[in-house]
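Residue numbers (my numbering): 89 to 1162. Positions of the beta carbon are idealized from the N, C-alpha and C atoms, including for glycine. This one's a predicted model, so the numbers in the text were calculated from it and none came from an experiment. Comments concern the structure below.
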């Protein structure tokens, strides 16, 4: 590795390096005065504020805390705190990459509800008349005289305060709240200086000179401070707004106990180093972040503190309306910076550029990138794939767009390059085997290749979540060991402390409490760094709720999606040299992957393209056959060498691979050493009495990409799907091994293997009966534990408020044109090989309680029903009904938590905290309705993935005498699956379903919503939709309510809209075809 000794390090004027625990950065914002009528004006300033924070707050200037020191709203309850949070505070958290647990708010005089004050006006008058008497104020405090007025006048404020920063609060009384942030060893004391304020209620006079905080309240709070902590005290008002007695006492306590005093109110920034008899403190008065008077100052402050040395730098940021930007506050102070001493000025100027950025960038783009590529090449990651075959996938950022009519903005496309050029911390999630590791490696490469162009260059280091073990010290060692940079030129610890590193953590499992605790501690230690995690979707975002990371930094959620036709075309071009064959192969990929219900991913595309190269007439039946043909192609079954009987032929090779897969499974070791694998191969061939050159055979497996080498002389199957297929094959070859897999405490962890097995044999009625009996037992156990009755689903009545727009949304989806051709190329979800070009981890679901059993058992059982096509038709009908029962139970249990989830917005389930992304201002009723209405459609997508096959067409469409006694939700599932499969019976199925569901408004509306979403995604044939549009129109009219005569008119209007829209759609498609 080339050395570079002339690159500068942190070498401060006092000769000591800065440690992470020394530095603290506080973003101080104040006086927003959210006003509903001035929202548009405020949004202009907010946009400039967020842009300034994003560009300013990098490196050591990334905030550890955000303090908003009062007057968030102008006049509650008209101007609500919830809306102010949505429009300002939450976007500010995002811009600063900080979590809500690290944002704190202070009550100001404009946060007071004047109507509430009027109800307690006499008390306020009495308090203000005696507010200069500490004795009388203390007595009132002891008598709890302030509580009624406090909870009344600050009701809106307190609701928001409770929503934020709950985890760090250690004490609170009417006047004071104490928060302790352990990772920063910092106490934050918030004083409610507005308790005696009347909020400008007419006839009550001004607050100045009449405010007071009782001594006893202050003493109670100070007693809760952590010894040796750094202390930040905050008020809304400056001390000169207090009574003489109140100001004198609070001033002494601030000087004695605080390191930093933050306040607002005056709309004019100022800073000072105050030294008095009782101690010293740095004070900072923030300007107003918005004011209605154009001639008044608008600004905020960013305060950087070295807690050990006591050096403070305040960056004053002023808004310049003529340019529409925030910039250095040179209109208030030289250079827009305040230092609390000349030494502090020298210190912070020395710290401004501790690393030679140009040389850092050069080393990243040169030596580090070259070493990374060499490392990949040594591991075989660039063999016939790797980077040269990388196609950027679709990324959807889950975002809340609070500034546009309080709507949630889902699936916002995110450019792939933003993963390496952006500043946000990201959790990238997807179903199993969508290539997340590949994505992280590409991000790592792009960080290095594009280092010269990055505004914030960082050293990317990638680790696996499973490598996090023992403690924080061990994790730090792991991170250091992965650094490829010249440590004599750039010390890894220094880069960590300055935030000049991006840590990429693969396969994060948020339910792993021990590892997550270590990871959180690392992030708390190095919050200035950037973090990108990958995770399974069911760990990061089940049921639409997103895990709360409970870290001091904010994370954005990005979903890794299937490829669209455009991206798959690029993959085909990379693998198929003849340009004339690209479109032909692309069409076949699209058609055949869709027919076998697999997602349109690079994994499946690569497998099928490989198969096409060997067999142009291949027609897949199920996923087992896809993998079988892939293995057939890669092992060259048809090669001339196979006809020589003395050669270890294809049949022998697949039998050996099946044996090795079973051996790995029984030993629970899927990455054995080369020697142990070779030893097991020797035992196998010796038992057969064959002589085989094992090293040559292993070399063939590596070349065929069946197996691959790993670090530390280990080996594994290259694709997990291939390993699972061979485990399934070994189940066919060995009854002993099959029975081992089917043991009751194990079989639920072998979902994919059992699905492959069913796809290969297709007629194992005995196995099907065993799994069915066990599944019935799981259902009975779940029903007994939860007292959930799926029959009650049909009786659900969703609230419909005057402002409810659900039917309008459905009509819009039904009337609007389906997505364009480029947007219609998404395939159905399904289980696919994960990380096709990268590492393959074996996935064994953890079965911890009955709920886990139900979910895992449901997917296992449904997949077996789907693949066991050669069992008796009557038995298939029985099994299908059992599947409906299981899916009904899942839907019922999901609906059971809707009310609580909508109310709390957060729920801890199985030890993991999940959060619903919805505007704070959205009512619980509206949110609950939206969740409940979407759940049945979400469940039907799972059903289509796990159970959907045209081979069940007769069981789905032919009448059954027992159907009349079935729960209505079965009919909903059945008709939805018929529609998802686009069977010819779709129109009749939908019409019959509407008739049967007529007595259930919930299931009727859910079916309309299902059709509307299918229409929007162009997942229902146009002829099928035209055939049912009269029935859909009638149902929408009926759900809307009204008199019979009005219903008929509404139905006629809907049908006419559908007719016109159909004509427009035909014209549009004719235009596209041309």
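Proximal residues to residue i (C-beta, below 6 Å), its chain only, five neighbours per side dropped
i            : result
residue 765  : 803
residue 329  : 296, 299
residue 370  : 348, 361, 400, 428
residue 853  : 959
residue 1178 : What the structure shows of the chain is the stretch from 89 to 1162, and residue 1178 is not part of that stretch, so it cannot be assessed.
residue 281  : 299, 323, 324, 325
residue 172  : 122, 160, 161
residue 846  : 952, 955, 956
C-beta contact flag for residue i and residue j at 8 Å
i            : j            : result
residue 1089 : residue 1082 : no
residue 1164 : residue 1043 : The question about residue 1164 has no answer, for the chain in this structure spans 89 to 1162.
residue 284  : residue 306  : no
residue 259  : residue 309  : yes
residue 356  : residue 373  : yes
residue 748  : residue 842  : no
residue 513  : residue 647  : no
residue 219  : residue 194  : no
residue 884  : residue 809  : no
residue 817  : residue 933  : no
residue 970  : residue 1027 : no
Backbone secondary structure at residue i - three-state DSSP
i            : result
residue 416  : strand
residue 448  : helix
residue 394  : strand
residue 192  : strand
residue 684  : Residue confidence for residue 684 is low, a pLDDT of 45 falling below 50, so the modelled location carries little weight; the figure read from the coordinates is stated next. DSSP places residue 684 in coil when its eight states are reduced to three.
residue 618  : strand
residue 851  : coil
residue 123  : coil
residue 345  : helix
residue 425  : strand
residue 484  : strand
residue 462  : helix
residue 530  : helix
residue 65   : An answer regarding residue 65 cannot be provided, because it is not within the stretch 89 to 1162 covered by the chain.
residue 513  : strand
residue 384  : coil
residue 875  : coil
residue 917  : In this prediction, residue 917 has a pLDDT of 33, which is less than 50 and means its spatial position is unreliable; nothing more can be read from the coordinates.
residue 214  : helix
residue 1082 : helix
Neighbourhood of residue i by C-beta distance below 7 Å, restricted to the same chain and skipping five residues each side
i           : result
residue 449 : 539, 540, 545
residue 874 : 981
Backbone CA spacing between residue i and residue j [nearest angstrom]
i            : j            : result
residue 1005 : residue 315  : 38 Å
residue 145  : residue 642  : 14 Å
residue 974  : residue 955  : 18 Å
residue 1040 : residue 500  : 36 Å
residue 154  : residue 395  : 17 Å
residue 168  : residue 124  : 9 Å
residue 1080 : residue 946  : 27 Å
residue 1072 : residue 138  : 53 Å
residue 856  : residue 967  : 9 Å
residue 659  : residue 1127 : 47 Å
residue 447  : residue 375  : 39 Å
residue 753  : residue 558  : 27 Å
residue 942  : residue 987  : 22 Å
residue 578  : residue 611  : 21 Å
Residues near residue i in its chain [Cβ-Cβ closer than 8 Å; skip 5 each side]
i           : result
residue 140 : 405, 413, 414, 415
residue 221 : 333
Practice prompt. Count the CB pairs spanning the region 154 to 170 and the region 408 to 416 that are closer than 8 Å, and state whether there are at least three.
Written response: no
* To do: Could you say if the region 205 to 221 and the region 175 to 190 meet the contact criterion of at least three C-beta pairs nearer than 8 Å?
  => no
Assess, as a yes-or-no matter, whether the region 517 to 531 is touched by the region 557 to 574 under the definition of 3 or more beta carbon pairs within less than 8 Å.
Three or more Cβ pairs closer than 8 Å define a contact, and the region 557 to 574 falls short of that threshold against the region 517 to 531.
Below 8 Å, can you find three or more Cβ-Cβ pairs linking the region 1052 to 1065 to the region 1093 to 1103? yes
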